[in-house]
Amino acid sequence: MAKWLDNAVFYEIYPQSFQDSNGDGIGDFRGIIQRLDYIRELGCNAIWINPCFLSPFGDAGYDVADYYTVAPRYGTNEDLKQLFAEAHRREMHVLLDLVPGHTSVEHPWFRESMKAERNEYTDRYVWTDSVWESPENMSCLRGISPRDGAVALNFFSMQPALNYGYHRITKSWQQSPDAPGPRATFQAMLDVIRFWLSMGCDGFRVDMAGSLVKNDEEGKGTIALWQKVRAFLDEEFPEAAFVSEWGEPDKSLQGGFHMDFLLHFGPSHYNDLFRCQHPFFSSEGKGDVYAFVEKYRENYEKSERKGLICIPSGNHDMDRLARRLSQEEMKLAFAFLLSMPGAPFLYYGDEIGMRYVEGLTSVEGGYARTGSRSPMQWDNTANNGFSSAAPEKLYIRTDDAADRPTVKAQMADKNSLYHEVRKLIGIRQSRPALQSRGEITFVYAEKNTCPLAYVRSDGRERILVIINPSASECRFDSRLPSGEVLYNYGEAARKEGGTFIVPPCSASFLTV
10 MAKWLDNAVF
20 YEIYPQSFQD
30 SNGDGIGDFR
40 GIIQRLDYIR
50 ELGCNAIWIN
60 PCFLSPFGDA
70 GYDVADYYTV
80 APRYGTNEDL
90 KQLFAEAHRR
100 EMHVLLDLVP
110 GHTSVEHPWF
120 RESMKAERNE
130 YTDRYVWTDS
140 VWESPENMSC
150 LRGISPRDGA
160 VALNFFSMQP
170 ALNYGYHRIT
180 KSWQQSPDAP
190 GPRATFQAML
200 DVIRFWLSMG
210 CDGFRVDMAG
220 SLVKNDEEGK
230 GTIALWQKVR
240 AFLDEEFPEA
250 AFVSEWGEPD
260 KSLQGGFHMD
270 FLLHFGPSHY
280 NDLFRCQHPF
290 FSSEGKGDVY
300 AFVEKYRENY
310 EKSERKGLIC
320 IPSGNHDMDR
330 LARRLSQEEM
340 KLAFAFLLSM
350 PGAPFLYYGD
360 EIGMRYVEGL
370 TSVEGGYART
380 GSRSPMQWDN
390 TANNGFSSAA
400 PEKLYIRTDD
410 AADRPTVKAQ
420 MADKNSLYHE
430 VRKLIGIRQS
440 RPALQSRGEI
450 TFVYAEKNTC
460 PLAYVRSDGR
470 ERILVIINPS
480 ASECRFDSRL
490 PSGEVLYNYG
500 EAARKEGGTF
510 IVPPCSASFL
520 TV
């Protein structure tokens with residue numbers, strides 16, 4: 010069962026902005042292939058690529074118009090197949106982004122569903138019986154076709170919700186997950202999954218995974234649906250991996266997902282770490298990690314202490330780490346990210362501290378997110394080495410600040426964030442206790458104070474991680490011994506009597 014996830018370290022690629030190989034101002038598959046060695050040398054052995062299928066790009070590809078064909082701006086299906094092969098040749102795995110909850114309004118399924126005459130796609134989407142009736146608890150489109158009814162929306166107005174049924178039926182137009190329409194939708198998505206896994210894809214990150222079955226407050230209907238997907242995978246593609254955008258690991262793991270994502274919204278308190286007014290990883294020392302740890306503990310226990318909770322450095326929906334943290338503060342943030350259970354996900358450019366580009370006009374539904382989607386900064390040549398196109402043709406303009414970080418400059422500086430991230434990945438990969446399935450026990454995580462301390466273990470080794478992001482020395486009492494220093498940034502923590510003394514702005518990994 011997807012054993013390769015045990016030591017996976019993912020690199021998220023927003024394909025539009027990573028590397029342009031043909032000079033049209035938009036990143037593409039051949040550009041990604043050109044940079045695979047860079048990703049591998051950083052230490053990442055897996056990739057997640059944001060949606061790359063045919064789309065009108067009202068929402069950066071999350072509005073799919075054809076699940077079986079890649080968008081021509083990225084290349085061809087054969088180019089993507091070559092990308093899979095080149096990754097595998099480097100012992101890397103590739104996840105695509107599956108968007109099962111909705112399509113574009115331009116998808117042929119939706120065009121057929123809008124017709125007044127019944128056809129095989131009539132029940133493929135969530136429609137009410139009357140144009141005057143809105144779907145329960147959902148936004149909708151109405152008056153768009155001869156069909157009487159309003160169609161539910163998952164997010165933007167170009168994203169009609171696919172019909173997987175209702176767990177709790179309260180209206181005549183709501184259907185059971187076992188009704189013919191929802192079953193046809195489910196089967197169609199299995200066919201999409203089979204198509205790409207057969208081509209060489211290693212699995213999927215699944216968008217809005219917890220939202221498929223409607224009126225499903227406890228998630229039971231959606232869990233049952235994903236359990237069927239897992240049975241299909243176990244039979245046909247046992248090494249394929251599915252990672253959910255759900256944010257509730259007790260539900261997603263029960264549904265058969267191999268790992269779950271922590272989200273920047275919802276109850277996780279993930280934003281308390283990096284993206285609030287006073288982040289915990291800021292040296293000002295005003296942040297609080299307590300609520301995050303308490304919620305993490307709760308999810309850890311609910312998911313039977315499996316710890317398969319992925320914590321990303323960021324993604325295409327979030328502010329860049331560098332919007333709140335300095336390069337030195339980010340080094341401590343990565344000491345945390347790369348020593349926690351579950352597969353870590355690095356958002357492209359976070360390893361060099363790429364900044365949020367302020368003041369951009371929205372591109373393809375990005376709105377406030379657009380500043381986190383700017384082109385990768387490889388060097389100080391034209392367009393930061395991203396593209397040979399004229400600057401005005403770029404997908405999103407580059408960061409043109411004089412002190413912008415680049416891969417070339419950071420690789421040349423042995424004290425850079427890039428080298429610290431690479432070092433941390435190397436240590437993680439050399440110590441199974443620090444990898445995805447190693448257990449975690451929190452030692453110190455108190456309200457409004459530092460440090461954060463926890464033990465990672467795998468039955469053979471125990472490693473104490475102590476991180477003090479504040480500019481002040483701190484200490485905590487513990488019966489744990491202090492052994493070999495495996496890693497330290499800043500001065501290493503030391504033990505005096507029954508107390509650990511933790512220097513300011515430091516991270517230490519100690520055997521215990």
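Heads up, the working numbering is the position in the sequence shown plus 9, with the first residue counted as 1.
Each residue gets a CB set at the ideal place from its N, CA and C atoms; glycine is no exception.
**OP:** Mark residue 452 as exposed unless 16 or more other C-beta atoms lie within 10 angstroms of its C-beta, in which case mark it buried.
**Re:** As a first step, residue 452 is located in the sequence shown; it is residue number 443 there, counting from the start. Looking at its Cβ environment, which holds 16 or more other Cβ atoms inside 10 Å, residue 452 is buried.
**OP:** Determine the burial state of residue 108: buried for a count of at least 16 other Cβ atoms within 10 Å of its Cβ, exposed for fewer.
**Re:** Position 99 of the sequence shown holds residue 108. Buried is the call here.
Original post:
Are residue 276 and residue 269 closer than 8 Å when you measure CB to CB?
Top reply: Start at 1 with the first residue of the sequence shown, and residue 276 comes out as number 267. Start at 1 with the first residue of the sequence shown, and residue 269 comes out as number 260. Residue 276 is not a Cβ neighbour of residue 269, given a cutoff of 8 Å.
Original post:
Among 129, 128 and 123, which residue has its Cα nearest to the Cα of residue 139?
Top reply: Residue mapping note: residue 139 aligns to position 130 of the sequence shown, counting from 1. Per the Cα distances, 123.
Original post:
Where residue 137 and residue 199 are concerned, what is the direct C-alpha to C-alpha distance, given to the nearest angstrom?
Top reply: Here residue 137 is taken as the residue at index 128 of the sequence shown, counted from 1. Here residue 199 is taken as the residue at index 190 of the sequence shown, counted from 1. Separation of residue 137 and residue 199 (C-alpha to C-alpha, rounded to the nearest whole angstrom) is 26 Å.
Subject >> Neighbourhood of residue 118 by C-beta distance below 7 Å, restricted to the same chain and skipping five residues each side >> reply: Against the sequence shown, residue 118 aligns to sequence position 109. Short of 7 Å from the beta carbon of residue 118, and not among the five residues preceding or following it, lie these beta carbons of its own chain, in chain order: 112, 130 and 133.
Subject >> Buried or exposed by the 16-neighbour rule on C-beta atoms within 10 Å, applied to residue 528 >> reply: There is simply no residue 528 to check, as the chain begins at 10 and stops at 521 in what is shown.
Original post:
How do the stretch 346-364 and the stretch 316-331 stand: do at least 3 beta-carbon pairs fall below 8 Å, yes or no?
Top reply: Output reads yes: the stretch 316-331 touches the stretch 346-364.
Original post:
Near residue 158, what residues of its chain come up, given a Cβ to Cβ distance below 7 Å and the 5 sequence neighbours on each side ignored?
Top reply: In the sequence shown, the residue the question calls residue 158 occupies position 149. Take residue 158, set aside five residues on each side of it, and the residues of its chain with a beta-carbon closer than 7 Å to its own are 136, 137, 138, 139 and 140, in chain order.
Original post:
DSSP three-state call for residue 428: helix, strand or coil?
Top reply: Here residue 428 refers to the residue found at position 419 of the sequence shown. Collapsing the DSSP output to three states places residue 428 in a helix.
Original post:
Hey, is the stretch 389-400 in contact with the stretch 297-307, meaning 3+ C-beta pairs nearer than 8 Å?
Top reply: Contact fails: fewer than three Cβ-Cβ distances are below 8 Å.
Subject >> Identity of the residue in 154, 465 and 376 nearest residue 125 by Cα >> reply: On the sequence shown, position 116 is the one that residue 125 refers to. Just measuring C-alpha positions, the residue of 154, 465 and 376 sitting nearest residue 125 is 154.
Original post:
Does the distance from the C-beta atom of residue 492 to that of residue 467 stay below 8 Å?
Top reply: One-based indexing of the sequence shown puts residue 492 at position 483. One-based indexing of the sequence shown puts residue 467 at position 458. No.
Subject >> DSSP bridge partner residues for residue 371 (one or two, in chain order) >> reply: Within the sequence shown, residue 371 is the residue found at index 362, counting from 1. Its beta-bridge partners do not exist; DSSP assigns none.
Original post:
Near residue 101, what residues of its chain come up, given a Cβ to Cβ distance below 8 Å and the 5 sequence neighbours on each side ignored?
Top reply: Taking the sequence shown and counting its residues from 1, the one referred to as residue 101 is at position 92. Correct list, in chain order: 45, 48, 49, 53, 54, 55 and 56.
Subject >> In DSSP terms, what residue 466 is bridged to >> reply: Counted from its first residue, the sequence shown places residue 466 at position 457. DSSP lists 448 and 471 as partners of residue 466.
Original post:
Which residue from 196, 230, 184 and 105 puts its Cα closest to that of residue 209?
Top reply: To locate residue 209, count along the sequence shown from 1; it is residue 200. Here the closest residue by C-alpha is 105.
Original post:
Apart from the five residues on each side of it in sequence, which residues of its chain come closer than 6 Å, Cβ to Cβ, to residue 66?
Top reply: Indexing the sequence shown from 1 puts residue 66 at position 57. Same-chain partners within the cutoff: 373.
Original post:
Within 10 angstroms of its Cβ, does residue 191 collect 16 or more other Cβ (buried), or is it exposed?
Top reply: Numbered from 1 along the sequence shown, position 182 holds the residue referred to as residue 191. It counts as buried.
**OP:** State the DSSP-derived secondary structure class of residue 290, mapped to helix, strand or coil.
**Re:** Taking the first residue of the sequence shown as position 1, residue 290 is located at position 281. In the structure shown, residue 290 sits in coil (DSSP, three-state: anything other than H, G, I, E or B).
Subject >> At least 3 beta-carbon pairs within less than 8 Å: the stretch 455-472 vs the stretch 423-435 >> reply: Short answer: they don't touch.
Original post:
Just the Cα atoms here: how many angstroms apart are residue 206 and residue 184?
Top reply: Sequence index remark: in the sequence shown, residue 206 carries index 197 (1-based). Sequence index remark: in the sequence shown, residue 184 carries index 175 (1-based). About 30 Å.
**OP:** Using the Cα positions of residue 152 and residue 83, report the straight-line distance between them to the nearest angstrom.
**Re:** The count along the sequence shown starts at 1 and reaches residue 152 at position 143. The count along the sequence shown starts at 1 and reaches residue 83 at position 74. Distance between the alpha carbons of residue 152 and residue 83: 35 Å.
Original post:
Does the Cβ of residue 486 have 16 or more other Cβ atoms within 10 Å, making it buried, or fewer, making it exposed?
Top reply: Translated into the one-based positions of the sequence shown, residue 486 becomes position 477. Its Cβ having fewer than 16 others within 10 Å, residue 486 is exposed.
Subject >> Reference residue 300; option with closest CA among 288, 434 and 387 >> reply: Within the sequence shown, the letter at position 291 stands for residue 300. Here the closest residue by C-alpha is 288.
Original post:
Are at least three pairs of beta-carbons, each pair with one atom in the stretch 245-261 and one in the stretch 219-237, less than 8 Å apart?
Top reply: Three or more Cβ pairs closer than 8 Å define a contact, and the stretch 245-261 meets that threshold against the stretch 219-237.
Original post:
According to DSSP, is residue 21 helix, strand or coil?
Top reply: Locating residue 21 in the sequence shown gives position 12, counting from the first residue. If DSSP states are grouped into helix, strand and coil, residue 21 belongs with the strands.
Original post:
Per DSSP, residue 486 is paired with what?
Top reply: As a position in the sequence shown, residue 486 is number 477, starting the count at 1. BP columns for residue 486 point to 508.
**OP:** For the alpha helix (DSSP H) containing residue 42, list its first residue and its last residue.
**Re:** If you number the sequence shown from 1, residue 42 lands on position 33. Boundaries of the alpha helix (DSSP H) harbouring residue 42: 38-43, taken from the DSSP string.
Subject >> Given residue 506 as reference, the closest of 488, 517, 514 and 203 once Cα atoms are compared >> reply: For the purposes of this step, residue 506 is identified with residue 497 of the sequence shown, where counting begins at 1. When each option's Cα is compared against that of residue 506, the closest is 488.
Subject >> Reduced DSSP category for residue 239 - H, G, I as helix; E, B as strand; rest coil >> reply: Here residue 239 is taken as the residue at index 230 of the sequence shown, counted from 1. Residue state, collapsed to three classes: helix.
Subject >> Burial state of residue 204, where buried means 16 or more other Cβ atoms lie within 10 Å >> reply: Here the question's residue 204 lines up with position 195 in the sequence shown. Under the 10 Å beta carbon count, residue 204 is surrounded by fewer than 16 other beta carbons and is classified as exposed.
Subject >> Proximal residues to residue 94 (C-beta, below 7 Å), its chain only, five neighbours per side dropped >> reply: Locating residue 94 in the sequence shown gives position 85, counting from the first residue. Residues of the same chain with a CB within less than 7 Å of the CB of residue 94, apart from the 5 flanking positions on each side, are 209 in chain order.
Original post:
How long is the line joining the alpha carbons of residue 421 and residue 415, rounded to whole angstroms?
Top reply: Numbered from 1 along the sequence shown, position 412 holds the residue referred to as residue 421. Numbered from 1 along the sequence shown, position 406 holds the residue referred to as residue 415. Residue 421 and residue 415 have their C-alpha atoms some 10 Å from each other.
Original post:
How big is the Cα-Cα spacing for residue 241 and residue 180?
Top reply: To locate residue 241, count along the sequence shown from 1; it is residue 232. To locate residue 180, count along the sequence shown from 1; it is residue 171. For residue 241 and residue 180, the gap between their C-alpha atoms comes out near 31 Å.
**OP:** Flag this pair as touching only if the stretch 311-319 and the stretch 493-501 have three or more C-beta atom pairs under 8 Å; answer yes or no.
**Re:** Contact fails: fewer than three Cβ-Cβ distances are below 8 Å.
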